[in-house]
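Chains Y and H, in that order, give the protein sequences.
Under my numbering, the first sequence has 293 at position 225, and the numbering climbs by one with no breaks.
Under my numbering, the second sequence has 376 at position 213, and the numbering climbs by one with no breaks.
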Amino acid sequence: MSQKGNIVFNGRLIFAFIFLLGLSIFIKTAYVQRVEGEKWMSKRDAIQLQVKPLEADRGEILSRNGRVLATSLTYYTLHMDPLASGITDELFAQHVDELAYQLALHTDANLTPGGWRERLKTARETGKRYLLIKKNVAEDELKIFRQFPLFSLGRNSGGLIVEPTKKRERPFNLLADRTIGRDRENKPVGLEAAFDDVLSGQEGKMVWRKIDAGVWVPDDIALVNPKSGNDIITTIDINKQDIVESALLKRLEYHDAEYGTAILMDVQTGDIVAIANLSKLENGGYWETYNNAIGKSTEPGSTFKLATVLSLLEDEYISLDDSISINYGKAQFFEQEMVDAGRESFSMNRTTVQRAFEISSNVAFANLADYYYRDTRNEGQFLKNLQSFGLRDRTEISLLGEADPFIKEPGADGWSGTTIPWMSIGYEVQLTPLQMLTFYNAIANDGKQMRPRLVQEVRKYDSVKKYFKPQIINKRIASKRAVSQVQSLLEGVMIRGTGRDLQPTYFRAAGKTGTTQLNYRNGKSNLKYQASFAGYFPVKNPKYSCIVVINDPKANGYYGSTVAGPVFKEIAERIYSIDKQLHVSESFIPDRLRSLSSELGYQVGQSEELEQIAEHLDLPIDYRTQSEYAILMKDGQENLSLMKRSVVHGVIPDVRNMGVRDAVFALENLGMQVEVRGEIGKVKRQTMKPGSKIMRGGKITIFLE
Amino acid sequence: MATLRYTNILFKGDKPLWLALGLLILFSFVVLYSSTAGLAADSNLPSYYFLFKHGFFVVAGVAIMAAISNIRPKMILNVSAILWLLSIALLVYTLLFGVEYNDARRWIRLPVIGMTFQPSEFAKVALLLYVARELTNRQGVIKDLSSAFMPIIIPVCLTCLLIAPSDLSTALLMFVSCLVLMFVGRVSIKYIFWLIGIGLFLFSILYLFGTIFPDVIRVHTWTGRIDEFVNTDGGYQVQYSKMAISEGGLFGVGAGNSVFRNFLPHPYSDFVYAFIVEEYGLLGGGFLVAIFSIIMWRVFRIVNKTKMTFEALVAFGLGFMLVLQAFINMAVAVKLVPVTGLPMPFMSLGGTSLLFTAMAFGIILGVSNFLTTEVPE
Numbered sequence: 069m070s071q072k073g074n075i076v077f078n079g080r081l082i083f084a085f086i087f088l089l090g091l092s093i094f095i096k097t098a099y100v101q102r103v104e105g106e107k108w109m110s111k112r113d114a115i116q117l118q119v120k121p122l123e124a125d126r127g128e129i130l131s132r133n134g135r136v137l138a139t140s141l142t143y144y145t146l147h148m149d150p151l152a153s154g155i156t157d158e159l160f161a162q163h164v165d166e167l168a169y170q171l172a173l174h175t176d177a178n179l180t181p182g183g184w185r186e187r188l189k190t191a192r193e194t195g196k197r198y199l200l201i202k203k204n205v206a207e208d209e210l211k212i213f214r215q216f217p218l219f220s221l222g223r224n225s226g227g228l229i230v231e232p233t234k235k236r237e238r239p240f241n242l243l244a245d246r247t248i249g250r251d252r253e254n255k256p257v258g259l260e261a262a263f264d265d266v267l268s269g270q271e272g273k274m275v276w277r278k279i280d281a282g283v284w285v286p287d288d289i290a291l292v293n294p295k296s297g298n299d300i301i302t303t304i305d306i307n308k309q310d311i312v313e314s315a316l317l318k319r320l321e322y323h324d325a326e327y328g329t330a331i332l333m334d335v336q337t338g339d340i341v342a343i344a345n346l347s348k349l350e351n352g353g354y355w356e357t358y359n360n361a362i363g364k365s366t367e368p369g370s371t372f373k374l375a376t377v378l379s380l381l382e383d384e385y386i387s388l389d390d391s392i393s394i395n396y397g398k399a400q401f402f403e404q405e406m407v408d409a410g411r412e413s414f415s416m417n418r419t420t421v422q423r424a425f426e427i428s429s430n431v432a433f434a435n436l437a438d439y440y441y442r443d444t445r446n447e448g449q450f451l452k453n454l455q456s457f458g459l460r461d462r463t464e465i466s467l468l469g470e471a472d473p474f475i476k477e478p479g480a481d482g483w484s485g486t487t488i489p490w491m492s493i494g495y496e497v498q499l500t501p502l503q504m505l506t507f508y509n510a511i512a513n514d515g516k517q518m519r520p521r522l523v524q525e526v527r528k529y530d531s532v533k534k535y536f537k538p539q540i541i542n543k544r545i546a547s548k549r550a551v552s553q554v555q556s557l558l559e560g561v562m563i564r565g566t567g568r569d570l571q572p573t574y575f576r577a578a579g580k581t582g583t584t585q586l587n588y589r590n591g592k593s594n595l596k597y598q599a600s601f602a603g604y605f606p607v608k609n610p611k612y613s614c615i616v617v618i619n620d621p622k623a624n625g626y627y628g629s630t631v632a633g634p635v636f637k638e639i640a641e642r643i644y645s646i647d648k649q650l651h652v653s654e655s656f657i658p659d660r661l662r663s664l665s666s667e668l669g670y671q672v673g674q675s676e677e678l679e680q681i682a683e684h685l686d687l688p689i690d691y692r693t694q695s696e697y698a699i700l701m702k703d704g705q706e707n708l709s710l711m712k713r714s715v716v717h718g719v720i721p722d723v724r725n726m727g728v729r730d731a732v733f734a735l736e737n738l739g740m741q742v743e744v745r746g747e748i749g750k751v752k753r754q755t756m757k758p759g760s761k762i763m764r765g766g767k768i769t770i771f772l773e
Numbered sequence: 164m165a166t167l168r169y170t171n172i173l174f175k176g177d178k179p180l181w182l183a184l185g186l187l188i189l190f191s192f193v194v195l196y197s198s199t200a201g202l203a204a205d206s207n208l209p210s211y212y213f214l215f216k217h218g219f220f221v222v223a224g225v226a227i228m229a230a231i232s233n234i235r236p237k238m239i240l241n242v243s244a245i246l247w248l249l250s251i252a253l254l255v256y257t258l259l260f261g262v263e264y265n266d267a268r269r270w271i272r273l274p275v276i277g278m279t280f281q282p283s284e285f286a287k288v289a290l291l292l293y294v295a296r297e298l299t300n301r302q303g304v305i306k307d308l309s310s311a312f313m314p315i316i317i318p319v320c321l322t323c324l325l326i327a328p329s330d331l332s333t334a335l336l337m338f339v340s341c342l343v344l345m346f347v348g349r350v351s352i353k354y355i356f357w358l359i360g361i362g363l364f365l366f367s368i369l370y371l372f373g374t375i376f377p378d379v380i381r382v383h384t385w386t387g388r389i390d391e392f393v394n395t396d397g398g399y400q401v402q403y404s405k406m407a408i409s410e411g412g413l414f415g416v417g418a419g420n421s422v423f424r425n426f427l428p429h430p431y432s433d434f435v436y437a438f439i440v441e442e443y444g445l446l447g448g449g450f451l452v453a454i455f456s457i458i459m460w461r462v463f464r465i466v467n468k469t470k471m472t473f474e475a476l477v478a479f480g481l482g483f484m485l486v487l488q489a490f491i492n493m494a495v496a497v498k499l500v501p502v503t504g505l506p507m508p509f510m511s512l513g514g515t516s517l518l519f520t521a522m523a524f525g526i527i528l529g530v531s532n533f534l535t536t537e538v539p540e
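As C-alpha cells, then:
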C-alpha cells in the first residue's frame, strides 16, 4: 500500500470510529429518554422541582389625566438558607460577623449583631434552611440585601431566598374605589374585574425547589419572564371625583342615609367623569362597598316623569301650556288612591302641563298617561317610546354586573289597570341610577343618546393598544321639538318648581327632583324613602349631566329637593368653578361674575365680552353701544345697558375700573409700555392722567386694588 | 471554476463544510442566549450581554476562518515549528504567572487590551500542526523508533504535561488526538501500543503510590469518578443532565423554556448538550450529532482528495480533535464517558476557544481551497 493510501486507510478506520461514537451518542440520548425516561422524571419529582406560575405585573388603572388610580407594587419576603451550596464552612466563618452586622442594621427584628450572629450560627448548626430575614422588603431595599456578604454569592449559592408578593395599591383610597374595583379577594369587581384580561398580562414561570421538608423556595430568576399587563385609561377625573364623592359623603352623613350614589357624566361623550358609591358601614362611617350606581335598579320615582312627559309630547297628545286637571292633588285609579306630595297641588284644580311638571304633580301625569295610554291599543305605544328613550336596555357600560332595567310588559304578570298611572310617576319600574342618567344626558345632549364610557384607552407604556370611541346609542331619542320642550320643563323646575332652591348661584342648571317611597307595599308605618335628583348644567350648551340618589335618609328630611338636590347643586357649583371649559373667557369672567351678580354694573371692558357674560347669565341687555369698549350699566330693576366707553385717540385713556387685561391691552395698543402693580382686581389708579397726550414708548404704571 | 471562485470570494474551500459550520454557528446564538440567562442574572448583566459577546467573537472567528482559508498549507507547514515553540513558551508563562480562575490557572491576561486568553487553546492547534509537520518530514523513516516515534512523542508529552495540571481533560484530548494522528500518519502501531502499555503501568504505580499516600495524589477522586461512572446513576451533574434530556422529549420544551439550565453546571459549556436536548428535544440533539458527523465526513473527503501528506494529516488531526471534543462533551451528558470538563466547539461560551476553533477550521478550509491548484511533488 502506498504512503497516501495507508494514511487514507487508517483515516477511514478513525472516521468509522467517530461516526459510531456519534451514533451511539444519539442512541444513548434516545435511550435516556425512552427507556430511562420514567426513572428520570420521577427522580425530578423526587428532588422536588416544581414549575409554578409567576404572576405578571398587573397594568395600571389611570385617570383621564394620567393619575394613577390603581397600581401594583412588588414586595419581597426574605429568608436565608444557611446551608446553601455556596456557603462553605470557611466562607461562613469568614463572613458571618459582617452579615450579622448588616442584618442588625437593616432589619427591624430587634436583634443586635450578636443576636443575629447567634441566629445564623444556630440555624446553620441545626440545619434550619428557611430562616426569616425580613418581610415586606421593597425593590430598592432588596438590592442592598443582595450585596451583603454570603448573599452576594448569588442565586442558589448565597442562601438568600427571595419571594415576591404583589400588592395592589390605590393611591386615592376611597375615591371611585368600587368602580376601580378589586382584582382578587372574594369576588373581583369593578374595572379590575371587567378588564382583568387586559390588566393581568401573561404569567411567567418560576422554578421552585424543595430545600427541606415542606420548604419550597423559588428560584431567583424567572424561568419564563412574565409579560406585564396593559394599562387602562379611564374617563374618571380624579379632581372631579373628589368633589362628587365629598359632596355626597357630606350629605349622607347629614341625613344618616343607608347609601348614596352620584354620577357625573360628560354630556357630549357620555364619559363618566366621576362616580361615587357610598354605603353606610356597621360602625356608622361610609365606604365604597357596592356599586349601586350600576349594580342595583330601584324604583326611580318622579325623575321618571321626564320619560312620561317626553312620551306624551313626542306623540303630540299634549303641549306645555295645555290646561290639565290635577284635582287638588288627588286621584283614584281603581281601588288605589294617588296623592301629590307637594302642598301646592292641594289648592289647584287645574294647571298647565309646564306647572304640573315643575311642582311634580303625580296626579297630573298619572291622569295624562292613564288617559292616553291606558287603552290596550296604546299601552304598547308608551312602551315603545320608553324603548326608544333607551330605558328598557342596559347601558352596556364596560363593567360587569349591570342590573337590568325592569319595565313591565302589557299582559305580563302583574300588569294591571293601575300599572300605567303608577309607571308614569316612576313606580312599578326599576332603573339603575346610571340608566336614568343616560336618559337625562340624552336630553341635555339635544336628544343624542351616548353610551356611558368609563374606559377611553388601553395602553402599554406609551403606545395606545386600543381606543374606545364615544359611542352613540341613539342619534335622536325623540323629536327635536319634544326634546327642547322637556328641556324647558327641566329648566323651569329649577326656576319656579321643586328645584328652585337648587339653582346654582352663578349659572343655571336644569333638572328634576324625585322622592320614592321604598316600602309603600308594607303599609304606612315607618316609611322609607329614596331621594334623587337628575339634571345637567349649564343650561346653555350643557357640559355635564349628573344624578344623585340617596337611599333611606333617616334625619333632616327625605325629599329629593332637600336631600339629593343639594348634592347636585354643590357638585355643579364646584365643578363649574374648576372647569375652565365652562367659562367664556377664563381670565376675564370669574372675578367679574362675582361682582356682576352683586353690583350688576359699572363694569368696564370690551363690549363683546361684556355681552357674552350677560348672555351667559341670561341677563337681558336693553341697549348696546357700538364702540369697542363699554361700561355695563344697571338699567332699572333687571335690565342692563352697555354704554359707550369712548377711547379718544391720541390721548391717554381712562383705564380705571377696567380689568387688568383690558387696561394693558388698551394702553399697549396705543404704544405705551405698561407696568402693572398689585395682584388682582380692577385698576384703581394710573400714573398718567386720562386725557394727557400719548408719547409712543412712554411708560405708564397702573395700580390694582 | 473562475466564476465560482469569483462569486465565493469570501467563503473559499469546501462549501458543505462552510455550510455545516454556518448552521452550527447560527444554532449557537439561540442556544447561548437562553443558556446564559442564569449566568447573566448572577453577574447582574443584561440577558443579552453574552449574546453580544458571543456575536463579537463569532464575527472575529468567521473573519479568521475566511482569512486563514486563503493561506497556502505550505506556509502553515513553514511556521508550525515556530508556533509550537511559542505555545510552549506561553504555557510555561501561564503555569508561572497565569491568572487563576475557578481554581485553575489557565489564563494569561493580555497586556494593553486587558482581555484574558487561554494558551492551552492555542497549544491545541499548534501541537497538532507540529505533529503533522514532524510526521510528514519523517515519512521516510516513519516506522523507526528513535528517528520517528521518539522525536514526535516527546514534544507531545511535553505540551500535554504543561497543560495537565490546570486542565487534565484538554491534555488528555490532545494526547489522544496526537496518538490517533500518529497512527493515521503511519507511525508503527507497535510503539503506540507500547506507549499505552507503559502509560497503564505508570498509572498503576501511581495508583498504588496514591493508596499508600492519599494526601499526595488524589487517587480517591479518580476512583470515585470511575466508581460513580460504573456503579451509580452518576453524580448530581449527570443526574440533572439526564433529567434535562428526559424533560426534552422528542421536540423539547422550546427555546428559552429550559428548567434545568438553573441546575445544570455550566449549561452554556460543559453541559450544553443536555441543555440543547431539553430545549430542542431529541431532534435538536440529533441535529447537533449530525452536524458534527457531517463536519467529520467533509474533513475526511478533503483528506481523501489531497495529494499532500502534510495537508492530509493537518486537516485530519484538527478535524478529528474538534469533532472528538464535541462528541466527548455530548457523551458526558448522556453518561457514555465519565465527567470531563470539555466545552463544545462553537456551541460553548468562551472567546479563546471559539477563535482557535475558527483558526483550526480555517486551516482545514485552506487545505480544501488549494486542493486543485497544488501539483503533487
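Cβ coordinates follow ideal geometry from the N, Cα and C atoms, glycine included.
At a Cβ threshold of 8 Å, is Val242 of chain H touching chain Y?
no
Touching or not, the stretch 252-263 of chain H and the stretch 490-506 of chain H, by the rule of three or more beta carbon pairs under 8 Å?
Two segments are said to touch when three or more pairs of C-beta atoms, one from each, lie closer than 8 Å; by this definition the stretch 252-263 of chain H does not touch the stretch 490-506 of chain H.
Should Ser197 of chain H and Arg424 of chain H be called a contact, given that it needs their Cβ atoms to be closer than 8 Å?
The answer is yes: Cβ separation under 8 Å.
Using the beta-carbon of each residue, which ones in chain H are nearer than 8 Å to Arg112 of chain Y?
Residues of chain H passing the Cβ test: Met406, Ser409 and Glu410.
Just to confirm, is the Cβ distance from Ala578 of chain Y to Tyr612 of chain Y under 8 Å?
no
So, does the stretch 441-459 of chain H touch the stretch 301-317 of chain H, judging by three or more C-beta pairs under 8 Å?
no
Val495 of chain H: beta carbon under 7 Å from a heavy atom of the ligand SAM?
For the structure depicted, the ligand SAM is absent and the ligand set is empty, with no information on it obtainable.
Cα-Cα separation between Val304 of chain H and Pro314 of chain H, rounded to whole angstroms
Here the alpha carbons of Pro314 of chain H and Val304 of chain H stand approximately 12 Å from one another.
Could you pull out every residue in the same chain whose Cβ sits closer than 6 Å to the Cβ of Tyr293 of chain H, ignoring the five residues on either side in sequence?
Ser243 and Trp247
CB-CB under 8 Å to Leu324 of chain H, same chain, minus the five flanking residues each way: which ones, in chain order?
Ala334
Taking 8 Å as the threshold, find out whether the stretch 492-504 of chain Y comes into contact with the stretch 429-436 of chain Y through three or more Cβ pairs.
Touching, per the Cβ criterion.
Can you list, in chain order, the residues of its chain with a C-beta nearer than 7 Å to that of Gly297 of chain Y? Leave out the 5 residues immediately preceding and following it.
Ala124, Asp125, Arg126, Gly127, Val266, Leu267, Ser268 and Gly269
Helix, strand or coil, according to DSSP, for Arg521 of chain Y in the structure here?
Judged by DSSP in its simplified three-state form, Arg521 of chain Y adopts strand.
In terms of residue numbering, what span does the beta strand (DSSP E) encompassing Met148 of chain Y cover?
Val136 to Met148 is the extent of the beta strand (DSSP E) around Met148 of chain Y.
Contact list for the stretch 199-218 of chain Y against chain H, Cβ threshold 7 Å:
Cβ contacts with chain H: none found.
Endpoints, the beta strand (DSSP E) within which Tyr604 of chain Y is located
Tyr597 to Phe605
Name the chain Y residues that come within less than 8 Å of Gly419 of chain H, Cβ to Cβ?
Val292
Using 8 Å as the threshold, is the stretch 344-355 of chain Y in touch with the stretch 521-539 of chain Y, meaning 3 or more CB pairs across them?
no
Starting from Asn467 of chain H, find everything on chain Y with Cβ-Cβ shorter than 9 Å and list it in chain order.
Val76, Gly79 and Arg80
For the putative contact between Ala640 of chain Y and Ile618 of chain Y, defined by C-beta atoms under 8 Å, what is the C-beta separation to the nearest angstrom?
No, Ala640 of chain Y and Ile618 of chain Y are not in contact; Cβ-Cβ is about 16 Å, not under 8 Å.
Please report the distance separating the alpha-carbon of Met238 of chain H from that of His163 of chain Y.
57 Å
Validate contact between the stretch 463-472 of chain H and the stretch 527-535 of chain H using beta carbons, cut 8 Å, 3 pairs
yes
Determine, using beta carbons only, whether Glu654 of chain Y comes closer than 8 Å to chain H.
For Glu654 of chain Y, the predicted structure reports a pLDDT of 36, less than 50, and the residue's modelled location is therefore unreliable. A value from the coordinates is still provided. Output row for Glu654 of chain Y: interface = no.
Which residues of chain H have a Cβ atom closer than 8 Å to the Cβ of Ser220 of chain Y, listed in chain order?
Simply none; closest approach about 10 Å.
Simplified DSSP assignment, three categories, for Met507 of chain H:
Met507 of chain H falls in the coil class under three-state DSSP.
Secondary structure at Asn532 of chain H, three-state DSSP: helix, strand or coil?
helix
Segments of 4+ residues assigned as alpha helix (DSSP H) that fall wholly inside the stretch 172-243 of chain Y
181-194 and 207-214
Trp247 of chain H, enclosing alpha helix (DSSP H) - first and last residue:
Here the alpha helix (DSSP H) through Trp247 of chain H covers Pro236 to Phe260.
Chain Y contact for Arg296 of chain H (CB, 8 Å cutoff):
no
Look at Glu426 of chain Y and Gly515 of chain Y and say whether their C-beta atoms are less than 8 Å apart.
no
State yes or no: is the beta carbon of Thr142 of chain Y nearer than 8 Å to at least one beta carbon in chain H?
Look at Thr142 of chain Y: its C-beta is not under 8 Å from any C-beta on chain H.
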